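First the structure, in the form of structure tokens, and then the observations on it.
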Amino acid sequence: MPEPPIRPADANEAESVHFIEQIIQDDLASGKHASIHTRFPPEPNGYLHIGHAKAICLSFGIAEKYDGQVNLRFDDTNPEKESQEYVDAIRRDVSWLGYQWNGGEYFTSDYFEQLHGFAVQLIEHGHAYVDHQSPEEIAAGKGTPTKAGEDSPFRNRPTEENLQLFSEMRAGLHPDGHCVLRAKIDMAHPNMHMRDPVIYRIKRAHHHRTGDDWCIYPMYDFAHGQSDSIEGITHSLCTLEFEVHRPLYDWFIRTLGIFPSRQIEFARLNLDHTVMSKRKLLRLVEEGVVEGWDDPRMPTISGLRRRGFTPESIRTFCERVGIAKRENVIDFSLLEWALREHLNRVAPRAMAVLDPIKLVILNYPEGQSEMLPSENNPEDPSAGTREMPFSKVLYIEREDFKEEANKKWFRLAPGKTVRLKSAYIVRYLDHIKGPNGQVEEVHVEYFPDSKSGSDTSGIKAKGTLHWVNVETAEEAEVRLYDRLFSDPAPDGHADRDFMDFLNPDSLQVRSRCMVEPSLALARPGVPHQFTRLGYFTLDEKRTKDTGHMVWNRAVTLKDGWKGQG
RNA sequence: UGCCCCAUGGUGUAAUGGCAGCACACCGGUUUUUGGUACCGUUUGUCUAGGUUCGAGUCCUAGUGGGGCAACCA
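What the first sequence shows, in my numbering, is residues 17 to 581, in sequence order.
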């Protein structure tokens, strides 16, 4: 009986890699490829979103890890939907994520001439024909998934006639839609994509790069694999919906006898409480539900950037999400975790009060003030400290005071004692209410010997409150965000429109917030942690437009309090 | 009534025929001048049925469930 193998005493924990990396390692080990070359091939017809970030991190990350190359290629074969605006936005988003396309930048439109040559080559070898059927006739002729298609009446045209017709198509002798070029494969093939796919159509549309040079454009299936091949892409990584296109991808490469790029598919990213398709995102923009593609509630890269996400956090998120072929829906909280994980280490702390009421320290001398040092980041002593002005009248958070509270309430209330962060311990005395019953001021006494850093009072305070000195406070607008949809799967209801599930509270604007004076020098793109409140970033656009500070909250701090007090 | 892909805790993802592990979430505890962080701990999983094997999450067969495929879109 064979003994079970003994595990090596000190085996290095083998690095576990996903199935795509496994293929790459095998190809490198077997010598199939001396080096690897990937590409990221967006169509410039919209803004990149977090799902694209996964694809970007995959293709760029693999090139980086295996010392290979990666191309950025704009798949621009449908001029009606594409534009330079999107090209620019895509470049900016990929760069912002921290990636360089070291293999170069390309456009499928750069290959139009070469692709045209491939088509001629196919015709010459009897592998393509010009079809004069209408789109409806072609669709009908394809059959259904369970029923074989029928040959087009034009399928057996002589090569010479096909050559002639195709050159007329290119020369503009035929009106739009009059005829198409089709690959001649198998109208009864079990894979619908192999039933003589259309590979060129006539379309008199102005192309954002080639202008009016062409009136025929190749279809995706005839452009993508060949473009990969032209660029020497070894591993062409794409999402699962292209799986059924792979036999066609391979067929063109084999039939044309060109460099065999290999397509490998992985499952696309889905996030709960949002939608990810360009069509649906576009609807949110067009119906004015959000401000634009870069609205901080959008799952777009530009939206996340404006919301206050960092490239590092998005890359971490993509690593955690993993790569597999299984359909998946990722918790939004994983994205939030990734941001907190990064920002907790690097974000400078500051104090801000979103819903201010006054705290008056009755026994603090009128007219006196002092500067108290406060750590910029407790996780990073090298970040140093800053001086916080402190005096008799401060702002504290309305929700940090309660007229009645039990033992679990660590904040201010009758009978309670709290520490003011980086300052003194104070004890409740009384409070004043306004005409409509709202608390306006809380009065406390402070203990002079409880000063932060030199506390000899011996008094213990369970809770610590953040505060801002009234005299020196800066006013700011703060925008708080929540999930755009209240339903975890807004587009998962067959009988309901996803717009029915919009979260009415996805945006909260707080207009008279008070922030510490040092924040007046803050710059956009540098996230801060507002003590006890979360991570905030200056909104560049809105701050510029309104002339006053506007802060976006990217995410709250994790809240471990159960709210039982 | 076709073809292709997939199935591991609540959510993701490992285990390459040999101890089902990790992260997020959840719950509990310790520390704490952020009810944060850090640290510790609890609970929870191999779709079903057969088969191969000393041994199956892994291989085979069938079933079930989910996803995809019929644009002159990508």
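Built from N, CA and C at the ideal position, the CB exists for glycine as well.
As the structure is a prediction and not an experimental result, all values here were calculated from the model.
- Within a 10 Å sphere around the beta-carbon of residue 189 sit fewer than 16 other beta-carbons, which makes this residue exposed.
- If you look at residue 329, you'll find it in the alpha helix (DSSP H) that goes 327-337.
- Boundaries for residue 316: no alpha helix (DSSP H) harbours it, and the DSSP string shows neither H nor E there.
- One thing to note: residue 253 has its Cβ no nearer than 9 Å to the Cβ of residue 93.
- Where residue 530 is concerned, the enclosing beta strand (DSSP E) starts and stops at 523-531.
- When secondary structure is reduced to three states using DSSP, residue 380 falls in the coil class, being assigned neither helix nor strand.
- Ranked by Cα distance from residue 362, the options 231, 153, 147, 542 are led by 542.
- DSSP places residue 365 within a strand segment (E or B) once states are collapsed to three.
- Cβ contact annotation for residue 142 (same chain, cutoff 8 Å, sequence separation greater than five): 175, 200, in chain order.
- Per DSSP, the continuous alpha helix (DSSP H) segment holding residue 130 begins and ends at 128-140.
- Judged by beta-carbon spacing, residue 519 lies beyond the 9 Å limit of residue 324, meaning their Cβ atoms are not closer than that value.
- Taking the Cα positions, residue 154 is about 56 Å away from residue 551.
- At the C-beta level, residue 279 and residue 261 come within 9 Å of one another.
- Within 10 angstroms of the beta-carbon of residue 398 lie fewer than 16 other beta-carbons, which makes it exposed.
- Each residue's CA atom was taken as its position, placing residue 151 and residue 355 some 49 Å apart.
- Counted as a single uninterrupted DSSP element, the beta strand (DSSP E) harbouring residue 120 occupies residues 120-123.
- Taken in chain order, the complete alpha helix (DSSP H) segments of 4 residues or longer contained in the region 44-93 are 66-81.
- If you keep only unbroken beta strand (DSSP E) runs of at least 3 residues inside the region 172-222, you get 196-199, 214-218.
- Taking 9 Å as the cut-off, the Cβ atoms of residue 564 and residue 457 do not count as close.
- By the Cβ criterion, the region 289-303 is not in contact with the region 75-86, since fewer than three pairs of Cβ atoms, one from each stretch, lie closer than 8 Å.
- For a cut-off of 8 Å, the C-beta gap from residue 527 to residue 497 is around 16 Å, too long to register as a contact.
- Restricting attention to 82, 43, 255, 99, the CA atom closest to the CA of residue 62 is found in 99.
- Remark: C-beta atoms of residue 442 and residue 455 do not approach each other more closely than 9 Å.
- Per the Cβ contact rule, the region 408-417 is in contact with the region 361-379 (3 or more Cβ pairs under 8 Å).
- Judged by their CB atoms, residue 571 and residue 495 are not nearer to each other than the 9 Å cut-off.
- Closest option to residue 177, judged by alpha-carbon separation, among 127, 147, 72, 212: 147.
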